[in-house]
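Here's the structure we're looking at; comments come further down.
Protein chains in written order, with this note's numbering: chain A, 1 to 111; chain B, 112 to 228.
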């Protein structure tokens, strides 16, 4: 069966350190993968998209890698700040036009 | 504010009642999506529209659920004979429906939180 797995345990990290989140998938051949941020009580907000033929994508303090052999994406927040505290969701676009989301990983950056 | 809006933001209803939610997408977006999200989980796809046509429906969408987008603008999601298991956040999103450079993001509304007593 198809699965998208993110670490369900919250990630507690000290301000200034790098947070690394994983997204693993099985039985998908995604055209691309997206990362979203979600704050409590609000809808997800798009952060980055990486295509199947791209290895790495950066945006400011964010970096995403995509390994289609390992079927894994890593999401890094460098020089983390308390304002980065949120839940981060990965989402795959495979066949059709829908996105399939992972369960999300909550990040808590402590000052 | 030109973002996606959803009404109501909260809805409390008794089991067996019908409820209807509304979503107003970003005006130039031709795709509109509905998702359901429960606590601690990611959004689960329910259905999506390309303009007024409903093109895909999840198996999660039982026959008690119906969605419409009559003029290709706003959309409604109706749940008939609500059950306690329907309690969730219902999210609407819209998109241009094509890859523009490296962006094909969906823009989400704030959601409607449904509580079925």
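Beta carbons: idealized from backbone N, C-alpha and C, even for Gly.
message: Distance check for residue 123/B and residue 55/A, CA to CA, integer angstroms please.
response: Distance between residue 55/A and residue 123/B, taken at the CA atoms: about 46 Å.
- prompt: Are residue 58/A and residue 32/A close, meaning C-beta to C-beta below 8 Å?
  reply: No, the Cβ-Cβ distance between residue 58/A and residue 32/A is not below 8 Å.
message: Between the alpha carbons of residue 48/A and residue 14/A, how many angstroms are there, rounded?
response: Rounded to the nearest angstrom, the gap between the Cα atoms of residue 48/A and residue 14/A is 23 Å.
task: May I ask you to report which of helix, strand or coil DSSP gives residue 195/B?
output: Here residue 195/B sits in helix by DSSP.
query: Should residue 128/B be labelled buried (16 or more other beta-carbon atoms within 10 Å of its own) or exposed?
result: With fewer than 16 other Cβ atoms within 10 Å, it is exposed.
- request: Give me the Cα-Cα distance between residue 92/A and residue 100/A, rounded to the nearest whole angstrom.
  value: One C-alpha to the other measures close to 5 Å.
- request: Quick one: using the 10 Å Cβ neighbour count with 16 as the cut-off for buried, is residue 195/B buried or exposed?
  value: With fewer than 16 other Cβ atoms within 10 Å, it is exposed.
Residue environment, residue 39/A, which counts as buried when at least 16 other CB atoms sit within 10 Å: Taking all protein chains shown into account, residue 39/A has fewer than 16 neighbouring C-beta atoms within 10 Å of its C-beta and is therefore exposed.
Within chain B, the residues that residue 42/A reaches when beta carbons sit closer than 9 Å: The contacting residues are 219, 221, 222.
task: Using the Cα positions of residue 176/B and residue 141/B, report the straight-line distance between them to the nearest angstrom.
output: Residue 176/B and residue 141/B: Cα-Cα distance of roughly 22 Å.
task: Whole angstroms is fine: what's the gap from residue 111/A's alpha carbon to residue 156/B's?
output: Distance between the alpha carbons of residue 111/A and residue 156/B is about 36 Å.
field: Whether residue 6/A touches residue 102/A by CB criterion (8 Å)
entry: In this structure, residue 102/A lies closer than 8 Å to residue 6/A by Cβ.
- request: Determine the burial state of residue 225/B: buried for a count of at least 16 other Cβ atoms within 10 Å of its Cβ, exposed for fewer.
  value: With 16 or more other Cβ atoms within 10 Å, it is buried.
message: Can you list, in chain order, the residues of its chain with a C-beta nearer than 7 Å to that of residue 24/A? Leave out the 5 residues immediately preceding and following it.
response: Result list for residue 24/A: 5, 71, 72, in chain order.
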